[in-house]
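Below: one structure, written as structure tokens.
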Amino acid sequence: MPWLVALDGGLAGRRFPLETTFLVGRGPFNHAVLDDVRISRQHAKIAHEVDGLVVYDLGSSNGTYVNDNAVKRHILTPGDLVRFGPFRFRFEADPAESSSTIGRRAKQEEMTRVGFEAPTKIVGETDAQVPQTFVSAGGLADLEEADRRLRTLFSFVHAIAVTLEPSALVDLIADNLFQSFPSSTLAAVYVLDKDSDTMEAKRVRTRDGREVPHYPLPAELYLEIVQNGKALLSTPLSLDWDDDRPVPGMALLMHAPMVYRGSVLGVLNVRCDPGSSFSQGDLDLLTALASHAALALKNTTLHQESLEQQRLQRDLSLAQQIQKSFLPLSLPEAAGLTFVAEYHPAYSVGGDFYDVFWQAPERIGCIIGDVSGKGVAAALLMARVSSDLRTAMLTATGPAAALSRVNRELVARGQHDIFVTAVALTIHVPTRKITLASAGHMPPYVRRAQNGELVRIEEGASSPLGLFDDMPYDETEVTLTPGDTVVLTTDGVHEATNPSGDQLGFEGVERALRAGRSEPHDVAERILAAVRDHAMGAPQYDDLTLVLCGTTH
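Numbering (the working numbering), first residue to last: 981 to 1533.
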């Protein structure tokens, strides 16, 4: 068994068996992946040939060296020091085996494989991105052949157009490749895996219906087929063919990329036995089939994406309904008090929450909060926290005690990457006295009616919920006089952003608060107008929530 032993870097000491063609490079499809900018994506290969194991440089930027000599092709002998850029490897083999013996044994082993992993020779090619024509200027025989291929193409397109399910489509493509090429004995369909950026064999099947578990795309052809968009005719070089030895130029393999608008979505591979061969005309036909297969594959992808989008929209619509159920359907009515609330999530669901509710016959509780993050994850936590905070406000001795309890519960759950800002307050209806506590939230405002004064309440502020255990929360009190309005907001108001990236900020919010009357409806409308005017049509990136409580004269 020949080996390539790594001497440098993170692979040092690792032994790579050289059983088949061996690729070295930075790309993920190589056998030895050297993650270094000095290594080309496909740097070099070691191939089994008649005269032994041969290392080839594949046009790399920093070269391939054997015993410190730059090489393009070199027959390896045991003990050779092979260097790819800065990375050194040692070639090892059983001393009893010569390099040529290794090569012959490897050829015999390849005969037992279903797929051709041995080095292959390209004997023809077609640019898969150029439309193919089957009509030539030849005689009757050429016209009949062109007619046959057009009929084959029509039959193939008709056969694969009956499904929008990806797995069923791959089955149809593979089965109809046998119909299109009567001499074929094996058909393979590879589809690009976007996550790994590699070609995944989705279906490899013999003519008798047997599934082949291991049939990799010939590695040395990957660059030409996938990256350069070439359809290729090829034949293995290192197989012992006995009585069926192919003549020079005989093509036993065809490979055609499935190209859609310049992007390779997959590869079609067809094989025949040495008693037959493929022609350039066959390759042109396979290229045309691959083009239509690419369109069908893209259609199935778009269909699946559409179904997924519809499912997601249904889920989001349901999530939106569920989230709204956690918000109050109506606001309390109390003599001399008016409540106003505005809730505008940036997405279908969001992390803002609020609630206004009776705590006792003469006491109304109010909470507003913002869960870190956006979207579904924030909405899920919002549902839990808003419910917990309401329960705490109904049973705790005051707003500070309620915040402390919910904070301890959040910390105990261990969700250290998520936190919640909130303001909790209690309004004593007869006296209009407000007792409030803040957990790292935007400061509340009181807009005074008598002199137009705007008071920013920053006392009683502490850290957000869920960050620190046993965090103390303090309370502060403020009394509303007739005509006053208390204003609670989330940071989506202050952080409303215009196309230039400028935020509305405290100055913009406070300008809107001072601009007109102090009645809660008027104040809310001015704040929303200020946000709209400042944004100038720019997308809303954060949830926006307002809760206001005003007193009558």
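Quick reminder that beta carbons are idealized off the backbone N, C-alpha and C, glycines included.
It should be emphasised that the depicted structure is a prediction, and the values quoted were computed from it without experimental measurement.
Under the DSSP assignment, P1237 falls in the beta strand (DSSP E) whose first and last residues are L1233 to Y1240. The beta carbon of Y1045 sits closer than 6 Å to those of R1063, all from its chain and outside the five residues before and after it, given in chain order.
Residue state for H1028 is assigned as strand, using DSSP reduced to three classes. Close CB contacts of H1408 within its chain, under the 7 Å cut and outside five residues either way in sequence, are with E1342 and R1343 (chain order). DSSP places A1404 within a strand segment (E or B) once states are collapsed to three. Under the 10 Å beta carbon count, T1532 is surrounded by fewer than 16 other beta carbons and is classified as exposed. A1419: member of the beta strand (DSSP E) spanning K1413 to A1419, first to last residue.
Fewer than three pairs of CB atoms, one per stretch, sit closer than 8 Å, so the region 1410-1428 makes no contact with the region 1351-1370.
Going by C-alpha positions, D1175 is about 29 Å away from R1190.
Annotated three-state conformation of M981 is coil, per DSSP.
The beta carbon of V985 is closer than 7 Å to those of R995, F1069, R1070 and E1072 in its chain, skipping five residues each way along the sequence. Cβ atoms of L1528 and V1320 come within 8 Å of each other, at about 4 Å. Separation of Q1289 and L1233 (C-alpha to C-alpha, rounded to the nearest whole angstrom) is 40 Å.
One Cα belongs to V1329, the other to R1364, and the distance between them is close to 14 Å.
Shortest Cα-Cα distance from I1026 to any of D1016, A1012, I1019 and N1156 involves A1012.
Per DSSP, the unbroken alpha helix (DSSP H) holding H1272 starts and ends at Q1260 to S1305.
Here P1519 is exposed, its C-beta having fewer than 16 other C-beta atoms within 10 Å. Under the DSSP assignment, A1181 falls in the beta strand (DSSP E) whose first and last residues are T1178 to T1186.
Within the DSSP secondary-structure output, Q1483 pairs in a beta bridge with T1477. Sorting L1212, N1279 and T1267 by C-alpha distance to the C-alpha of T1143 places N1279 at the top. Around the beta carbon of I1302, fewer than 16 other beta carbons sit within 10 angstroms, so the residue counts as exposed. The region 1195-1213 and the region 1247-1254 touch, with no fewer than 3 CB-CB distances between them shorter than 8 Å.
In the structure shown, G1345 adopts extended strand secondary structure according to DSSP, grouped into three states.
Annotation for R1506: A1492, A1495 and G1496 place their beta carbon closer than 7 Å to its own, counting only its chain and skipping 5 residues before and after. Beta-bridge partners assigned by DSSP to Y1036: K1025 and R1053. With distances taken between CA atoms, Y1202 lies nearest to D1177 out of D1188, H1194 and D1177.
The three-state secondary structure of A1376, taken from DSSP, is coil.
Proximity to G1242 across L1265, S1271, E1029 and V1336 peaks at S1271, based on C-alpha coordinates. The Cβ atoms of F1067 and D1031 do not sit closer than 9 Å to each other. A residue is called buried once 16 or more other Cβ atoms fall within 10 Å of its Cβ, and Y1334 is buried on that count.
In this model, R1436 and A1509 are separated by some 21 Å (Cα to Cα). For R1506, the enclosing alpha helix (DSSP H) begins and ends at P1500 to A1515. Residue range S1243 to C1252 is occupied by the beta strand (DSSP E) that includes S1243. Two segments are said to touch when three or more pairs of C-beta atoms, one from each, lie closer than 8 Å; by this definition the region 1444-1452 touches the region 1388-1395. For G1378 and E1285, the gap between their C-alpha atoms comes out near 50 Å.
If you draw a 10 Å sphere on the C-beta of H1501, you find fewer than 16 other C-beta atoms in it, and that means exposed.
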